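Report on the following structure.
Residue numbers (this note's numbering): 184 to 1149.
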């Protein structure tokens, strides 16, 4: 096969460049290392080798792994293989064992077969010419290719140079309208009343025709571009618009979009407005030389776009490690720059950090262990940024990888940070760090059990759920808050994002990044107002959409941001600005029944008038996953209200309309895109919104300045979900730290319940802003299930201190194991993955083998489902599960979970997520304890799986057993 392929390549090369064929000029841009993306089963680097005048690829592989290295080259929007006949390049390769040879050397077009074989790699350069007609069915459809090889040894270096695309010139390349037309407004977001002016770059030599369209694609105006290269449009109503160009001499593609929104200075905006955005600008809007259209920082434009959106609060981040790299030496960097830019525009910050400098850690990897340093940094922050902040959050998504320490460790750090923030700015609210898991796993319960209810004013959480999942998630959240006696705290969702549009479908002008298609941008514009109004109706006090600044995740495939990479706004920005303009000062009264397939919500404006928000249900409202959305189907549905008169309203993007009643009824048409009808007489909701009292944390009779913290020895092992410890022996050693975060000396007694403790003194005295450290041992008192808790309390200067609680167990002694033989039958498991999945039995390993391959850019997860054979496999009385597991590539596993599901439906049903320590490449046993918050007898299926960053994952499980009390 390789000999034949080499002959084809040689014969084809001999016939090239005859007639009108030439090297296409744009292909010179392919010879840059930044055009290639890493795509390798090992560790890989890509750089320019100036001596060889080539792109150099270096790869190192783990021994006994699958060795492959195929860096990916994506074509830009102006680059096409339409009309191309061949690709030519030179390559050479060396590997650690030169005699080992190569399994394959290939060029892969797009993501599928067939692959085009290359000649066997050699240490010296070979020139290769690939005839496209024989290599790929439709060259014009190719948007990416991979060039590489499978070596047979652990280290590989190969070089590419002189990449050329050969074909017939097809005339000038299409010109991207978004690149050559500049909107003379920050972010292309005009305020109503501003001149709507555009400039055409001089690179467009012949002046084109222009066409103006609204968000529906309807033509509004057209004309010839003026000779002075400036186009001034006559006044337009609020809305989202596009400008397209055309010329017989120059092809154009794409459009210049822009928004016109209400001027927020016309009316005062509510500082406690429900509608907010996560801008993340201090991290995401940093200078980026690779961004050819906006290489500098985006701080000013993001701040001004935030103002034009009508915002009063945005969320941003900072880094403790960057701001205080050594104790007492502060550099506020871009964080103060952005806080100032926003403050000057009347916008306050919800500020957050989730790192600690090395010098502030003790036995921790992420959280600070030095609570005095934690207090002092929080105090300094509050003092330095005073007047610019709406709230301080302590940490971010501590229930996942941002804090691998125990829940009690986070609670101790939160207490110190809260006290510091309050010392620096006493009246400013403090939010608990946002929980990533909206379903609130046992970790969250343990955090609350550690007395933190006196150390946060706002409950903070994130969600990336679908609209149809929100009622159940919010009901669970309200139950959680009531259970822990903090139902009176405001609820803020400081990240709320959408996955329903899927991965980006168009190529960004930035190499390696995908961008939303216009249709995907409209999906987000539909999702955003529906989600925010729904969340407000479910009892949320403030909702921050993720994210304002441009951002890509998942190797560049997932496109976030209400702004594009050129810092211009997407249609969802106009939808958000419409919410702040029409609803920002209003009070939600409740929902109103409008008819089947419709949603309606009633607001009261400050002047007493009514406002109705309404829409028809679409796939965005009703489906999970990534639905097939047909935006051409507007889902139009008619309904009426018992009103008389003429009324005004706006569509989702703020464009006004009027309606007139007839026969004492007001006839309206709802579509999938929300509309807002204003100026109504008092309109009553069908279901009033439940009003919950809100208040900040109180100290009560407690001395909040005494904070307990523990450093556990190797006699304790942290459970996988960080909600407890497995005590390996009796008389287990640990060190108890007692911090005094006040300016007066404190004396008192420490009490420890939950076991027999040795080494505890009768009375301790702690100096101001000091600590004592007590070496202790404990033999725990465990219940009949061999579970218990170490509960630390104390009284100082006559007042009780808040508790520290560490749930504990003794896994080896607490349980007997019952084998579940049917669980090791592949036929008993149901495929459940975001990729293509197989379930087999590996006879050599005597284990279940789960394999999954994923399409580029998808959220990669695999959670096969086992339906319990009830009643004989009932988990009634079970304490948990044990099993052995290993995975490849284990380093790419993001998390492993066991899901206990109270139902039999695929992917659905009430469930409890139980974290499992990530698998390694070797067999290891895992113990998963069932949470006390659910009844195992109600479990009807189990899912055991992983989330991964890898395009392909394999994991094996064996010896699955159910644990019962002895």
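We treat Cβ as the ideally placed atom computed from N, Cα and C, and that holds for glycine. Just so we're clear, the structure is a prediction, and the values are computed from it rather than from any experiment.
Along the length of the region 1001-1025, whole beta strand (DSSP E) runs at least 3 residues long occupy 1019-1025, reported in chain order. Here residue 1047 is actually not in contact with residue 1141; their C-beta atoms are around 14 Å apart, not less than 8 Å. Note on geometry: alpha-carbon atoms of residue 962 and residue 498 lie some 46 Å from one another. Secondary structure at residue 842: strand, using DSSP grouped into helix, strand and coil. Taken in chain order, the unbroken stretches of alpha helix (DSSP H) that lie wholly in the region 584-669 and span 4 residues or more are 590-607, 625-632, 653-666. One alpha carbon belongs to residue 429, the other to residue 437, and they sit about 11 Å apart. Going by DSSP, residue 1043 is part of no alpha helix (DSSP H) at all; its letter is neither H nor E. Listed as beta-bridge partners of residue 784 by DSSP are 774, 796.
A distance below 8 Å separates the beta carbons of residue 757 and residue 423.
Taking each of 1081, 564, 835 in turn and checking the Cα distance to residue 1101, the smallest one comes out for 1081. Pairing residue 453 with residue 679 gives a Cβ-Cβ distance that is not under 8 Å. When the five nearest sequence neighbours on each side are left out, the beta carbons in the same chain lying within less than 6 Å of the beta carbon of residue 310 are those of 273, in order along the chain. In terms of Cβ geometry, residue 1018 and residue 686 do not form a close pair [threshold 8 Å].
When the five nearest sequence neighbours on each side are left out, the beta carbons in the same chain lying within less than 7 Å of the beta carbon of residue 582 are those of 618, 619, 620, 624, 626, 627, in order along the chain.
DSSP, reduced to helix, strand and coil, places residue 466 within a helical segment of the structure shown. For the pair of segments examined, the region 402-412 was found not to touch the region 335-347: the number of CB pairs separated by less than 8 Å stays below three. Around residue 1058, the same chain offers 1119, 1122 as residues with beta carbons nearer than 6 Å, after the five sequence neighbours per side are excluded. If only complete runs of 4 or more residues are kept, the region 335-370 shows the alpha helix (DSSP H) at 360-363, in order along the chain. Scanning 895, 220, 709, 264 for the CA closest to the CA of residue 253 turns up 220. Excluding residues up to 5 positions away in sequence, nothing lies with its Cβ nearer than 6 Å to the Cβ of residue 884 in the same chain.
The C-beta of residue 542 has fewer than 16 other C-beta atoms within 10 Å across all chains shown, which makes the residue exposed. Under a 10 Å Cβ-count criterion, residue 778 is classified as exposed, with fewer than 16 other Cβ atoms of the shown protein chains found around its own Cβ.
Judged by DSSP secondary structure, residue 820 falls within the beta strand (DSSP E) whose first and last residues are 820-824. With respect to the 8 Å criterion, residue 838 and residue 352 are not classified as neighbours on the basis of their beta carbons. Between the region 1052-1070 and the region 705-719 there are fewer than three inter-stretch CB-CB distances shorter than 8 Å, so the stretches are not counted as touching.
The way I'd put it, the region 739-747 does touch the region 721-730; three or more beta-carbon pairs between them come closer than 8 Å. A contact between stretches requires three or more CB pairs, one per stretch, nearer than 8 Å, and the region 878-898 fails this requirement with the region 847-866. With a threshold of 16 other beta carbon atoms within 10 Å, residue 511 falls short and is exposed. In chain order, 433, 434 place their CB closer than 7 Å to the CB of residue 355, counting only its own chain and leaving out the 5 sequence neighbours on each side.
When DSSP states are grouped into helix, strand and coil, residue 895 belongs to the strand group.
When the alpha-carbon of residue 669 is set against those of 841, 879, 514, 656, the nearest one is in 879.
Here residue 821 is exposed: its Cβ has fewer than 16 other Cβ atoms, across all protein chains shown, within 10 Å.
When the five nearest sequence neighbours on each side are left out, the beta carbons in the same chain lying within less than 6 Å of the beta carbon of residue 1032 are those of 1023, 1025, 1139, in order along the chain.
Note on geometry: alpha-carbon atoms of residue 215 and residue 476 lie some 18 Å from one another. The beta carbon of residue 248 sits closer than 8 Å to those of 224, 225, 1071, 1072, all from its chain and outside the five residues before and after it, given in chain order.
Counting along the chain, residue 572 sits inside the beta strand (DSSP E) bounded by residues 572-579.
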